[in-house]
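Below is one structure, written out as structure tokens; comments come after it.
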Amino acid sequence: MQSKISEYKVSNVIDAFELRALSVSSSLLEDAVRIVLVVCLASLAAALLSRLMRRIEQKMTSKRSDPDSLRRVATAYRTGLIFGRIVIWSVAGVTLLSIMGVSIAPLLTAAGVAGIAAGFAAQSLVKDYFSGFIILLEGQLRVDDIVEIGGHIGVVEEITLRSVRLRDYYGNVIFVPCGNITNVVNMTMEYSRSVIDVGIAYREKTDEALDIMHSVASQMAQDRAFTDRIIDEPEIVGVEALGDSAVTLRLRLKVTPGAQWEVRREFFRRIKQAFDETGIEIPFPHVTLYPGLPKDGPAPPLNILLGQIEPGVKTA
């Protein structure tokens, strides 16, 4: 009788172990299925994101043909794809830790504290990258554009998410962090204008001078060297200012991007020749001597000796 009872207890213990083993196996199998499901869903989400970003890139590139725009779209595509993948796999990683029984609360707390500390330490860096992404996305700058950023004027040599590299007129390289870019003056976007001011003497006829300026500009527009740079008819603005010694006349020319300075220099050369041929004076500062009038009568004559005084000659 006692032996039967012992056999019964042993049988119960064995059954309990078998049930527990079966329960553990079932739990492990369930967790394994969940892990595989999470990985598959994350992979599917990453693939869908890649396909969506690719379609957006193709749609944007179909409307553009210049290399700078295509390069800007490609940079924005890569940046968005990397950011999206980081978000997807970060969520998947946290979910996997939760499935494996790892308490994520301490990890999230530590990550939050570390994130706050890193955020304060690298907030300018994050600002630079975010601003760089917006600049690339909106197309405010392109490589080879001539721009003014933060008081610096130069040619854009490189655009990254972190900074913009400029080279100024003297060959100096300037690195401008994207986070510091608040206002951008792009001098070569779509087209440019060459604004030209010319001064003439007060005794000259303004209409005659304006006609000559228009004639010179029209001849330039028909010149083979400038016909592809000047893209519209010359615009005579008129009298811009009455200065101390000159009447300032203004002319505007619509030109291709970046050609405004070359066109301006050539126009000055030609208008100088045209004014010399027609006798129109381009004034320069004059000095007028005024001795004043005494209260008791006219001022005495003022003798001015011009030229070099010879040695030994006395002057009054």
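For the record, in the sequence shown the residue sitting at position 276 is 276 according to UniProt numbering, with numbers rising by one throughout. Cβ atoms here follow ideal geometry from the backbone N, Cα and C, with glycine treated the same way.
Could you tell me which of M60, Q260, K63 and A241 sits nearest to M187, measuring between CA atoms?
-> Position 187 of the sequence shown, counted from the first residue, corresponds to residue 187. Ranking M60, Q260, K63 and A241 by Cα distance to M187 puts Q260 first.
Apart from the five residues on each side of it in sequence, which residues of its chain come closer than 6 Å, Cβ to Cβ, to A246?
-> Here residue 246 refers to the residue found at position 246 of the sequence shown. Cβ neighbours of A246 beyond the five flanking positions: G199 and P283.
By Cβ distance below 7 Å, which residues in the same chain neighbour A45 in space, the five residues on each side in sequence not counted?
-> Within the sequence shown, numbered from 1, the residue matching residue 45 stands at position 45. Cβ neighbours of A45 beyond the five flanking positions: I88.
Hey, quick one: how far does the beta strand (DSSP E) through E158 stretch, first residue to last?
-> As a first step, residue 158 is located in the sequence shown; it is residue number 158 there, counting from the start. Boundaries of the beta strand (DSSP E) around E158: H152 to I159.
Inter-residue spacing [alpha-carbon to alpha-carbon] between L253 and R85 | Along the sequence shown, read from residue 1 onward, the residue named residue 253 stands at position 253. Along the sequence shown, read from residue 1 onward, the residue named residue 85 stands at position 85. Those two C-alpha atoms are separated by around 50 Å.
Measuring CB to CB, does E157 end up less than 9 Å from P257?
-> Looking up residue 157 in the sequence shown gives position 157. Looking up residue 257 in the sequence shown gives position 257. No, the pair does not count as a contact, with Cβ atoms beyond the cut-off.
Leaving out five residues before and five after Y77 in sequence, what residues of the same chain have Cβ atoms less than 7 Å from its Cβ?
-> On the sequence shown, residue 77 is found 77 positions in, with the first residue counted as 1. Answer for Y77: M53 and E57, listed in chain order.
Is the beta carbon of I159 less than 9 Å from the beta carbon of G132?
-> Mapped onto the sequence shown, residue 159 falls at position 159. Mapped onto the sequence shown, residue 132 falls at position 132. A contact, by the Cβ cut-off of 9 Å.
Compute the Euclidean distance between the alpha carbons of S98 and T109, then round it to the nearest angstrom.
-> Locating residue 98 in the sequence shown gives position 98, counting from the first residue. Locating residue 109 in the sequence shown gives position 109, counting from the first residue. If I take the Cα positions, the gap works out to 15 Å.
Opening and closing residue of the beta strand (DSSP E) in which E235 lies | One-based indexing of the sequence shown puts residue 235 at position 235. E235 to L242 is the span of the beta strand (DSSP E), which, as asked, contains E235.
How long is the line joining the alpha carbons of V164 and E281, rounded to whole angstroms?
-> If you number the sequence shown from 1, residue 164 lands on position 164. If you number the sequence shown from 1, residue 281 lands on position 281. Distance between the alpha carbons of V164 and E281 is about 46 Å.
Option in R224, S215 and E240 with minimal Cα separation from residue 345 | Shown here, the chain extends from 1 to 316; a query on residue 345 therefore has no answer.
Kindly indicate which three-state DSSP category G179 falls into: helix, strand or coil?
-> In the sequence shown, counting from the first residue as 1, residue 179 sits at position 179. Helix, per DSSP.
Between the Cα of D243 and the Cα atoms of P285, I231 and R264, which residue gives the shortest distance?
-> Taking the first residue of the sequence shown as position 1, residue 243 is located at position 243. For clarity, residue 243 is Gly in the given sequence; the question names Asp instead. Residue P285 is the option with its Cα nearest to G243.
Boundaries (first-last residue) of the alpha helix (DSSP H) holding V263 | Sequence index remark: in the sequence shown, residue 263 carries index 263 (1-based). First-last of the alpha helix (DSSP H) with V263: Q260 to T278.
Does DSSP classify I282 as helix, strand or coil?
-> Working through the sequence shown from its first residue, we reach residue 282 at position 282. Here I282 sits in coil by DSSP.
What do you reckon, are the CB atoms on L166 and V184 nearer than 9 Å?
-> The residue labelled residue 166 in the question sits at position 166 within the sequence shown. The residue labelled residue 184 in the question sits at position 184 within the sequence shown. No, they are not a contact pair.
With C-beta atoms as the reference, is I196 less than 9 Å away from L161?
-> The residue labelled residue 196 in the question sits at position 196 within the sequence shown. The residue labelled residue 161 in the question sits at position 161 within the sequence shown. No, they are not a contact pair.
For M60, which residues from the same chain have a beta carbon less than 7 Å from its beta carbon, with the 5 sequence-adjacent residues on both sides left out?
-> Within the sequence shown, numbered from 1, the residue matching residue 60 stands at position 60. Answer for M60: V73, listed in chain order.
Could you say which of K205, V255, A209 and V173 lies nearest to A221 if we only look at CA atoms?
-> The residue labelled residue 221 in the question sits at position 221 within the sequence shown. The candidate whose alpha carbon is nearest that of A221 is V255.
If I153 sits next to I181, beta carbons under 8 Å apart, how far is it from one beta carbon to the other, in whole angstroms?
-> Stepping through the sequence shown from its first residue, residue 153 is reached at position 153. Stepping through the sequence shown from its first residue, residue 181 is reached at position 181. About 14 Å separates the two Cβ atoms, so there is no contact after all.
Give the single residue among L210, G101 and G238 whose Cα lies nearest to the Cα of I35.
-> Indexing the sequence shown from 1 puts residue 35 at position 35. Ranking L210, G101 and G238 by Cα distance to I35 puts G101 first.
Whole-angstrom C-beta distance between L96 and V38, which should lie under 8 Å | By one-based count along the sequence shown, residue 38 stands at place 38. By one-based count along the sequence shown, residue 96 stands at place 96. With 8 Å as the limit, V38 and L96 qualify as a contact, their Cβ atoms being about 6 Å apart.
Indicate the three-state DSSP secondary structure (helix, strand or coil) for R224 in the structure shown.
-> If you number the sequence shown from 1, residue 224 lands on position 224. Residue state, collapsed to three classes: coil.
Return the chain-ordered list of same chain residues with a C-beta closer than 7 Å to the C-beta of I271, the five sequence neighbours on each side being excluded.
-> Here the question's residue 271 lines up with position 271 in the sequence shown. Result list for I271: V198, M213 and V216, in chain order.
Residue range of the beta strand (DSSP E) that E148 falls in?
-> One-based indexing of the sequence shown puts residue 148 at position 148. Start and end: I146 to I149.
Buried versus exposed, by CB contacts within 10 Å (16 or more), E204 | On the sequence shown, position 204 is the one that residue 204 refers to. Result: buried.
Taking buried to mean at least 16 other C-beta atoms within 10 Å of its own C-beta, is V13 buried or exposed?
-> The residue you call residue 13 lines up with position 13 of the sequence shown. Legend: pLDDT at V13 = 48, less than 50; position of this residue unreliable, no value from coordinates given.
Sequence ranges, beta strand (DSSP E) only - wholly within the region 182 to 208, length at least 3 | 184 to 186 and 192 to 200, all fully within the region 182 to 208.
CB contact flag (S43, L81, <9 Å) | Position 43 of the sequence shown holds residue 43. Position 81 of the sequence shown holds residue 81. Contact: no.
For T288 and N172, the rounded distance between their alpha carbons | On the sequence shown, residue 172 is found 172 positions in, with the first residue counted as 1. On the sequence shown, residue 288 is found 288 positions in, with the first residue counted as 1. C-alpha separation (whole angstroms): 44 Å.
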